[in-house]
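From first to last, the protein sequence lines stand for chains A and B.
To convert a position in the first sequence, counted from 1, into our numbering, add 1.
To convert a position in the second sequence, counted from 1, into our numbering, add 85.
Note that CB positions come from ideal geometry on N, CA and C, so glycine has one too.
For clarity, every value in this text was computed on a predicted model and none was experimentally measured.
Before any comments, here is the structure.
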Amino acid sequence: MQLGIYEIAIYGAIVSAISFLLVLLLTPVAIKSLTKRGWTVPDIHKPNKPAVPRPAGPVLMLGIAAAEAVLFALTMNTAVLAVLLATAIAFVVGYIDDSKVMPGWFKPAALLAAALPIVLLQAHGDHLNLVFGSAFIPILYIPLIFVIMPVASNTINSIDVLNGVASSFIIISTLPLLASIAIFGSMEVFLAALPLFFATVAFYRYHRYPSRIFPGDSGALLLGAMYGALAVAGNSEIIGVVALLPAVMNSFLFLSSVKRIVEHRQVKARPVVILDDYRLAASKDRSAPSTLVRLILADGPLEEKEIAYKIFQLSIVSAVLAFATVAVQYLLLR
Amino acid sequence: MALAGLLILIVVMWLMVLAVAGFLVTFVAPVDAPFPSPLVSSAVRAIIAVLAVIALIFGLGLLKKLYLQRKLA
Numbered sequence: 002m003q004l005g006i007y008e009i010a011i012y013g014a015i016v017s018a019i020s021f022l023l024v025l026l027l028t029p030v031a032i033k034s035l036t037k038r039g040w041t042v043p044d045i046h047k048p049n050k051p052a053v054p055r056p057a058g059p060v061l062m063l064g065i066a067a068a069e070a071v072l073f074a075l076t077m078n079t080a081v082l083a084v085l086l087a088t089a090i091a092f093v094v095g096y097i098d099d100s101k102v103m104p105g106w107f108k109p110a111a112l113l114a115a116a117l118p119i120v121l122l123q124a125h126g127d128h129l130n131l132v133f134g135s136a137f138i139p140i141l142y143i144p145l146i147f148v149i150m151p152v153a154s155n156t157i158n159s160i161d162v163l164n165g166v167a168s169s170f171i172i173i174s175t176l177p178l179l180a181s182i183a184i185f186g187s188m189e190v191f192l193a194a195l196p197l198f199f200a201t202v203a204f205y206r207y208h209r210y211p212s213r214i215f216p217g218d219s220g221a222l223l224l225g226a227m228y229g230a231l232a233v234a235g236n237s238e239i240i241g242v243v244a245l246l247p248a249v250m251n252s253f254l255f256l257s258s259v260k261r262i263v264e265h266r267q268v269k270a271r272p273v274v275i276l277d278d279y280r281l282a283a284s285k286d287r288s289a290p291s292t293l294v295r296l297i298l299a300d301g302p303l304e305e306k307e308i309a310y311k312i313f314q315l316s317i318v319s320a321v322l323a324f325a326t327v328a329v330q331y332l333l334l335r
Numbered sequence: 086m087a088l089a090g091l092l093i094l095i096v097v098m099w100l101m102v103l104a105v106a107g108f109l110v111t112f113v114a115p116v117d118a119p120f121p122s123p124l125v126s127s128a129v130r131a132i133i134a135v136l137a138v139i140a141l142i143f144g145l146g147l148l149k150k151l152y153l154q155r156k157l158a
């Protein structure tokens, strides 16, 4: 069923409002509840290491799931259901990791399951969108989805190192993804992408510096998985990668330094050190892993807020490059 | 200045991703005619695509090495 312009506008307004308002209104409740139950972690980059509640994953999941469920009821589109289920699976994996210390292999292995709804409900296209054209490689495309989902989830999780970074990163990266899905994907998937943007905008209010709540693994993984699922279902894989380049770089730097899949907490040598004045500096330890933050600090120590601002600038540049990629593809395929 | 270096790195990564996408469209997508069945041609395309991505990762690794030598030495 082809959606008309009025349906797109109305459905878009409904799902955006549901996801935005639920996250905006429920996050303070979650902050109080988590603090009361002692579900807090120290914010190690600040004086006196204040206790910050986490995870915000359940609130983000609630806001996104409610919006996607309403959208599915309105459109009965299986791609919407696939995005919702993939996001929910990543949330469950993250929530297990939030509740219990799991080995390094757990998240990448368990997140393979997040690809199942996309494959089983056939939410993916037949052709891989390669900007300058497309390629029909069915034997490769299905395994590729099983790679994309854990990689997208862990990429966002690994950038969640400073106040507000993961949420601002998702907000900025989702903009070119939305444009790409609207042009090269389907309107149903475009509508399904709106809750990711609006839920994260609402969450940013509480996650920005100084954070009042952390997303936790459940929050970061669900945001990454939803981003990956939307890129696949919206025929926008390459554009999705380009918009995430600073985070991709961060994961690549880390993995190529430690040369194995491992949790950050298991790495003994830290990539950054905290100075007496609570500024962060790049570690001089040669065995410390390379990360985006360590590279940013290569020219000298910075405050946490300054580093977050630099990552923000990098994410804007990668979003501009992603928009340029959308423009190139649009002009070539017109 | 650290940011300027990282910005250049991101732009180079972007160009490398586009180069691989262009290679796949130009050389992999049309692979069809010489093969007897769609499965074989799909497998050949998949192998070439995987090799191209491995080359991209190798290139990114070299880029990272050069950048880190300059920055963290």
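Review point. Whose C-alpha, out of A:L75, A:S319, A:A116, is nearest the C-alpha of V243 of chain A?
Key: Here the closest residue by C-alpha is A:S319.
**Study point:** T326 of chain A at chain B interface by Cβ criterion, 9 angstroms
**Key:** So, interface residue.
Practice item. Run the CB neighbour count on L100 of chain B, radius 10 Å, all protein chains shown included, and call it buried at 16 or more, exposed below. Key: Answer is exposed; the Cβ neighbour count stays below 16.
**Study point:** M12 of chain A burial status per 10 Å Cβ neighbour count (16 or more: buried)
**Key:** Looking at the sequence provided, one finds Tyr at residue 12 of chain A rather than Met. Looking at its Cβ environment, which holds 16 or more other Cβ atoms inside 10 Å, Y12 of chain A is buried.
Exercise for review: Report the neighbours of G146 of chain B on chain A: residues whose CB is nearer than 9 angstroms to its CB, in chain order.
Suggested key: The contacting residues are F253, S257.
Check your understanding: Interface residues of chain A around S127 of chain B at Cβ under 9 angstroms?
Key -> Within chain A, the residues near S127 of chain B are F137, I138, P139, I140, L141.
Exercise for review: Output, in chain order, the set of chain A residues within a Cβ distance shorter than 7 angstroms of A131 of chain B.
Suggested key: Residues of chain A passing the Cβ test: I138, I140, L141.
Check your understanding: My guess is that L109 of chain B and A140 of chain B are in contact by the Cβ rule of under 8 angstroms, so how many angstroms apart are they, rounded?
Key -> That pair is no contact at about 11 angstroms.
Practice item. Check I275 of chain A in the structure and name its three-state DSSP category. Key: In the structure shown, I275 of chain A sits in a strand (DSSP, three-state: E or B).
Point to revise | Distance between T292 of chain A and A153 of chain A (C-alpha atoms, nearest Å) | key: Roughly 17 angstroms separates the two Cα atoms.
Review point. Of all the residues that make up the region 281-296 of chain A, which are near chain B by a beta-carbon distance shorter than 8 angstroms?
Key: Against chain B - using a Cβ distance shorter than 8 angstroms - the residues of the region 281-296 of chain A are A283, S291, L293, R295, L296.
Check your understanding: Considering only C-alpha positions, which residue in the set A:T156, A:R206, A:M77 is nearest to L112 of chain A?
Key -> Comparing Cα positions, the closest option is A:T156.
Review point. How many Å lie between T76 of chain A and L82 of chain A at the Cα?
Key: Whole-angstrom Cα-Cα distance: 10 angstroms.
Exercise for review: Could you round the C-beta distance between F107 of chain A and D99 of chain A to whole angstroms and report it? I think they count as a contact, below 8 angstroms.
Suggested key: Taking a contact as a CB-CB distance under 8 angstroms, the pair F107 of chain A and D99 of chain A does not count as one, their CB atoms being some 12 angstroms apart.
Exercise for review: Use the C-beta contact count for Y96 of chain A: other C-beta atoms within 10 angstroms, 16 or more gives buried, fewer gives exposed.
Suggested key: The residue is buried, with at least 16 neighbouring Cβ atoms inside 10 Å.
**Study point:** With 16 other Cβ atoms within 10 Å as the buried cut-off, status of N251 of chain A
**Key:** With a 10 Å radius around the Cβ and a threshold of 16 neighbouring Cβ atoms, N251 of chain A comes out buried.
**Study point:** Residue interval of the beta strand (DSSP E) (run including L281 of chain A)
**Key:** First-last of the beta strand (DSSP E) with L281 of chain A: 281-283.
Check your understanding: In whole angstroms, what is the alpha-carbon distance linking G126 of chain A and R287 of chain A?
Key -> The alpha-carbon of G126 of chain A is positioned some 45 angstroms away from that of R287 of chain A.
Check your understanding: Using the beta-carbon count (16 or more within 10 Å), is I111 of chain B buried or exposed?
Key -> Looking at the sequence provided, one finds Thr at residue 111 of chain B rather than Ile. So T111 of chain B counts as exposed.
Check your understanding: At a cut of 8 angstroms, does the region 137-152 of chain A reach the region 166-178 of chain A through at least three beta carbon pairs?
Key -> Contact annotation: the region 137-152 of chain A does not touch the region 166-178 of chain A, with fewer than three C-beta pairs closer than 8 angstroms.
**Study point:** Coil, strand or helix - A289 of chain A by DSSP
**Key:** Collapsing the DSSP output to three states places A289 of chain A in coil.
Review point. In three-state terms, what does DSSP make of A164 of chain A?
Key: According to the sequence provided, residue 164 of chain A is Asn. The question's Ala does not apply to it. In this structure, DSSP gives N164 of chain A a state outside helix and strand, which the three-state scheme calls coil.
Practice item. Would you be able to state if there are at least three C-beta pairs under 8 angstroms between the region 19-28 of chain A and the region 52-65 of chain A? Key: The region 52-65 of chain A, when compared against the region 19-28 of chain A, does touch it at the 8 angstroms Cβ threshold.
Review point. In chain order, what residues of the same chain lie with their CB nearer than 8 angstroms to the CB of I308 of chain A, ignoring the 5 residues before and after it?
Key: Only L163, L281, V294, I297, L298 meet the Cβ criterion.
Check your understanding: Would L131 of chain A count as contacting chain B if we go by Cβ distances under 9 angstroms?
Key -> So yes, L131 of chain A belongs to the interface.
Exercise for review: Pull up the distance between the alpha-carbon of R55 of chain A and that of V16 of chain A, whole angstroms please.
Suggested key: The alpha-carbon separation between R55 of chain A and V16 of chain A amounts to approximately 25 angstroms.
**Study point:** Residues of the region 234-251 of chain A with Cβ closer than 9 angstroms to any Cβ of chain B, in chain order
**Key:** Those residues of the region 234-251 of chain A that come within reach of chain B (Cβ to Cβ, closer than 9 angstroms) are I239, V242, V243, L246, P247, V249, M250.
Check your understanding: What residue range is occupied by the uninterrupted alpha helix (DSSP H) comprising T201 of chain A?
Key -> Looking at the DSSP string, the run of the alpha helix (DSSP H) that includes T201 of chain A is 188-208.
**Study point:** Distance, A115 of chain A Cα to S187 of chain A Cα
**Key:** Near 21 angstroms, if we compare the C-alpha coordinates of A115 of chain A and S187 of chain A.
**Study point:** Any C-beta of chain A under 9 angstroms from that of A106 of chain B
**Key:** Yes, because at least one Cβ of chain A sits closer than 9 angstroms to the Cβ of A106 of chain B.
Check your understanding: Can a CB atom of chain A be found closer than 9 angstroms to the CB of A134 of chain B?
Key -> At least one chain A Cβ lies under 9 angstroms of A134 of chain B.
Exercise for review: Provide the residue(s) that pair with S135 of chain A in DSSP beta bridges, ordered along the chain.
Suggested key: BP columns for S135 of chain A point to A:N130.
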